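Undergrad: Heads up: the sequence shown is residues 1 to 166, going by full-length UniProt numbering.
Below you will find the structure I want to go over with you.
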Amino acid sequence: MKAVEDGNDEVKHERLRSLKYANRVVLETLRKYPIVYGTIRTCTKDYKVPGSDLVIEKGISVYIPIYSIHRDPAYYTDPEVFDPDRFHDLSVQEREVGTFIPFGEGPRFCIGSEFSILLVKLALVQILSKYSFSACSKTKVPVEFTTNSNYLSVKSGIWLKVEKLS
(Lines of atoms letter the chains of each structure in order from A and count residues from 1; the text may use other names and numbers.)
(Lines give C-alpha, C1' and ligand atoms only; values in the text may rest on other atoms or scores of the structure.)
Protein backbone atom coordinates (compact mmCIF):
# COMPACT_ATOMS: atom_id res chain seq x y z
CA MET A 1 0.00 0.00 0.00
CA LYS A 2 2.89 2.34 0.70
CA ALA A 3 3.88 2.00 -2.96
CA VAL A 4 1.06 4.32 -4.03
CA GLU A 5 1.70 7.06 -1.48
CA ASP A 6 4.21 9.85 -1.88
CA GLY A 7 6.22 11.16 1.06
CA ASN A 8 3.20 13.08 2.43
CA ASP A 9 0.87 10.06 2.70
CA GLU A 10 -0.88 11.39 -0.39
CA VAL A 11 -2.03 8.83 -2.94
CA LYS A 12 -0.88 9.67 -6.44
CA HIS A 13 -3.23 9.05 -9.38
CA GLU A 14 -0.55 7.44 -11.59
CA ARG A 15 0.52 5.09 -8.83
CA LEU A 16 -3.07 4.11 -8.10
CA ARG A 17 -3.63 3.33 -11.79
CA SER A 18 -0.49 1.17 -11.77
CA LEU A 19 -1.97 -1.29 -9.24
CA LYS A 20 -2.62 -3.98 -11.85
CA TYR A 21 -3.41 -6.80 -9.42
CA ALA A 22 -5.78 -4.60 -7.38
CA ASN A 23 -7.53 -3.77 -10.64
CA ARG A 24 -7.95 -7.48 -11.40
CA VAL A 25 -9.33 -8.08 -7.88
CA VAL A 26 -11.93 -5.33 -8.35
CA LEU A 27 -12.95 -6.67 -11.77
CA GLU A 28 -13.22 -10.25 -10.50
CA THR A 29 -15.33 -9.00 -7.59
CA LEU A 30 -17.65 -7.27 -10.08
CA ARG A 31 -17.83 -10.47 -12.13
CA LYS A 32 -18.66 -12.69 -9.20
CA TYR A 33 -20.81 -10.16 -7.33
CA PRO A 34 -22.34 -7.68 -9.80
CA ILE A 35 -24.44 -4.90 -8.29
CA VAL A 36 -27.59 -6.16 -10.03
CA TYR A 37 -28.78 -9.60 -11.11
CA GLY A 38 -29.68 -8.26 -14.54
CA THR A 39 -30.95 -5.39 -16.60
CA ILE A 40 -33.71 -4.80 -19.15
CA ARG A 41 -33.21 -3.35 -22.61
CA THR A 42 -35.81 -2.58 -25.27
CA CYS A 43 -35.13 -3.76 -28.81
CA THR A 44 -34.87 -0.68 -31.07
CA LYS A 45 -35.25 -2.57 -34.36
CA ASP A 46 -36.17 -6.09 -35.45
CA TYR A 47 -33.24 -8.42 -34.76
CA LYS A 48 -32.78 -11.93 -36.15
CA VAL A 49 -30.80 -14.10 -33.75
CA PRO A 50 -27.87 -15.56 -35.73
CA GLY A 51 -28.13 -19.30 -36.40
CA SER A 52 -31.85 -19.47 -35.66
CA ASP A 53 -35.26 -18.47 -36.99
CA LEU A 54 -35.94 -16.34 -33.90
CA VAL A 55 -36.67 -12.67 -34.50
CA ILE A 56 -36.84 -10.24 -31.59
CA GLU A 57 -39.24 -7.56 -32.72
CA LYS A 58 -38.76 -3.84 -32.23
CA GLY A 59 -40.25 -2.70 -28.91
CA ILE A 60 -39.80 -6.04 -27.12
CA SER A 61 -38.13 -5.83 -23.71
CA VAL A 62 -35.22 -8.23 -23.22
CA TYR A 63 -33.86 -9.21 -19.80
CA ILE A 64 -30.06 -9.55 -19.70
CA PRO A 65 -29.10 -11.86 -16.80
CA ILE A 66 -25.76 -10.33 -15.75
CA TYR A 67 -25.34 -12.58 -12.70
CA SER A 68 -25.94 -15.73 -14.75
CA ILE A 69 -23.71 -14.67 -17.64
CA HIS A 70 -20.87 -13.91 -15.21
CA ARG A 71 -21.18 -17.41 -13.74
CA ASP A 72 -21.62 -19.33 -16.97
CA PRO A 73 -18.94 -22.05 -17.37
CA ALA A 74 -19.14 -21.53 -21.15
CA TYR A 75 -17.45 -18.15 -20.57
CA TYR A 76 -15.53 -18.63 -17.31
CA THR A 77 -13.61 -21.72 -16.23
CA ASP A 78 -14.57 -22.61 -12.65
CA PRO A 79 -16.95 -19.62 -12.42
CA GLU A 80 -17.57 -20.09 -8.67
CA VAL A 81 -13.84 -19.71 -7.91
CA PHE A 82 -12.58 -16.19 -7.15
CA ASP A 83 -9.67 -15.81 -9.59
CA PRO A 84 -8.41 -12.27 -10.29
CA ASP A 85 -6.05 -13.62 -12.96
CA ARG A 86 -9.08 -14.02 -15.22
CA PHE A 87 -8.56 -10.32 -15.83
CA HIS A 88 -4.92 -10.50 -16.87
CA ASP A 89 -4.51 -8.42 -20.03
CA LEU A 90 -4.29 -11.43 -22.38
CA SER A 91 -7.36 -13.10 -20.84
CA VAL A 92 -9.38 -9.91 -21.27
CA GLN A 93 -8.46 -9.67 -24.97
CA GLU A 94 -9.64 -13.25 -25.54
CA ARG A 95 -12.98 -12.82 -23.73
CA GLU A 96 -16.12 -12.94 -25.82
CA VAL A 97 -17.89 -9.57 -26.11
CA GLY A 98 -20.89 -9.28 -23.79
CA THR A 99 -19.70 -11.79 -21.20
CA PHE A 100 -18.43 -9.25 -18.65
CA ILE A 101 -21.05 -6.54 -18.22
CA PRO A 102 -21.13 -5.06 -14.70
CA PHE A 103 -21.17 -1.61 -16.31
CA GLY A 104 -23.32 -2.54 -19.29
CA GLU A 105 -22.20 -2.87 -22.89
CA GLY A 106 -22.37 -0.91 -26.13
CA PRO A 107 -23.92 2.58 -26.36
CA ARG A 108 -25.28 2.37 -22.80
CA PHE A 109 -21.92 1.47 -21.27
CA CYS A 110 -21.37 3.38 -18.02
CA ILE A 111 -19.10 6.35 -18.66
CA GLY A 112 -18.06 6.35 -15.00
CA SER A 113 -16.71 2.78 -14.96
CA GLU A 114 -13.00 3.66 -14.90
CA PHE A 115 -13.55 6.38 -12.31
CA SER A 116 -15.52 4.03 -10.05
CA ILE A 117 -12.80 1.35 -10.26
CA LEU A 118 -10.20 3.99 -9.40
CA LEU A 119 -12.29 5.08 -6.38
CA VAL A 120 -12.63 1.49 -5.16
CA LYS A 121 -8.84 1.03 -5.41
CA LEU A 122 -8.33 4.30 -3.52
CA ALA A 123 -10.69 3.15 -0.78
CA LEU A 124 -8.91 -0.21 -0.58
CA VAL A 125 -5.52 1.49 -0.25
CA GLN A 126 -6.77 3.88 2.42
CA ILE A 127 -8.59 1.21 4.46
CA LEU A 128 -6.26 -1.79 4.08
CA SER A 129 -3.20 0.29 4.96
CA LYS A 130 -4.74 1.00 8.38
CA TYR A 131 -6.93 -2.01 9.24
CA SER A 132 -7.15 -5.78 8.88
CA PHE A 133 -10.44 -7.59 8.35
CA SER A 134 -11.60 -11.11 9.08
CA ALA A 135 -15.02 -12.74 8.96
CA CYS A 136 -16.74 -13.34 12.30
CA SER A 137 -18.38 -16.66 13.14
CA LYS A 138 -21.77 -14.92 12.65
CA THR A 139 -21.04 -14.61 8.92
CA LYS A 140 -22.48 -17.49 6.91
CA VAL A 141 -19.98 -18.99 4.46
CA PRO A 142 -20.74 -19.31 1.65
CA VAL A 143 -22.89 -16.22 1.73
CA GLU A 144 -26.51 -16.48 0.61
CA PHE A 145 -28.07 -13.74 -1.48
CA THR A 146 -31.60 -12.38 -1.39
CA THR A 147 -33.79 -13.15 -4.37
CA ASN A 148 -36.58 -10.64 -3.76
CA SER A 149 -34.74 -7.72 -5.34
CA ASN A 150 -32.82 -7.00 -8.54
CA TYR A 151 -29.91 -5.83 -6.37
CA LEU A 152 -27.41 -8.36 -5.11
CA SER A 153 -27.41 -8.29 -1.31
CA VAL A 154 -26.47 -10.78 1.38
CA LYS A 155 -29.41 -12.31 3.28
CA SER A 156 -27.93 -12.30 6.77
CA GLY A 157 -25.28 -9.63 6.35
CA ILE A 158 -21.52 -9.92 6.52
CA TRP A 159 -20.08 -9.64 10.00
CA LEU A 160 -16.45 -8.56 10.20
CA LYS A 161 -13.82 -8.21 12.87
CA VAL A 162 -11.83 -5.04 12.19
CA GLU A 163 -8.43 -4.51 13.80
CA LYS A 164 -6.25 -1.42 13.59
CA LEU A 165 -2.81 -2.16 12.19
CA SER A 166 0.15 -1.05 14.27
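Every residue, glycine too, gets a C-beta built ideally from N, C-alpha and C.
Keep in mind the model is a prediction, meaning the values are calculated, not measured.
How close, in whole Å, do the beta carbons of residue 125 and residue 30 come, if the pair is a contact with beta carbons under 8 Å?
TA: That belief does not hold up - the Cβ atoms of residue 125 and residue 30 are roughly 18 Å apart, past 8 Å.
Undergrad: Taking residue 118 as part of the alpha helix (DSSP H), name the residues at either end of that continuous run.
TA: 113-128
Undergrad: For residue 94 versus residue 75, is the C-beta distance shorter than 8 Å?
TA: no
Undergrad: Roughly how many whole angstroms lie between the Cα atoms of residue 92 and residue 27?
TA: 11 Å
Undergrad: Are the CB atoms of residue 148 and residue 37 nearer to each other than 8 Å?
TA: In this structure, residue 37 does not lie closer than 8 Å to residue 148 by Cβ.
Undergrad: Looking at the unbroken beta strand (DSSP E) that takes in residue 160, where does it start and where does it end?
TA: 160-164
Undergrad: Count the other CB atoms within 10 Å of the CB of residue 22; is the residue buried (16 or more) or exposed (fewer)?
TA: buried
Undergrad: Using C-beta distances below 8 Å, list every residue in its chain close to residue 98, excluding the 5 sequence neighbours before and after it, in chain order.
TA: Around residue 98: 69 and 105.
Undergrad: For a quick check, are the C-beta atoms of residue 103 and residue 109 less than 8 Å apart?
TA: Cβ distance < 8 Å, so residue 103 and residue 109 count as in contact.
Undergrad: Which whole-angstrom value is the C-beta distance of residue 82 and residue 130, which I expect to be below 8 Å?
TA: With 8 Å as the limit, residue 82 and residue 130 do not qualify as a contact, their Cβ atoms being about 24 Å apart.
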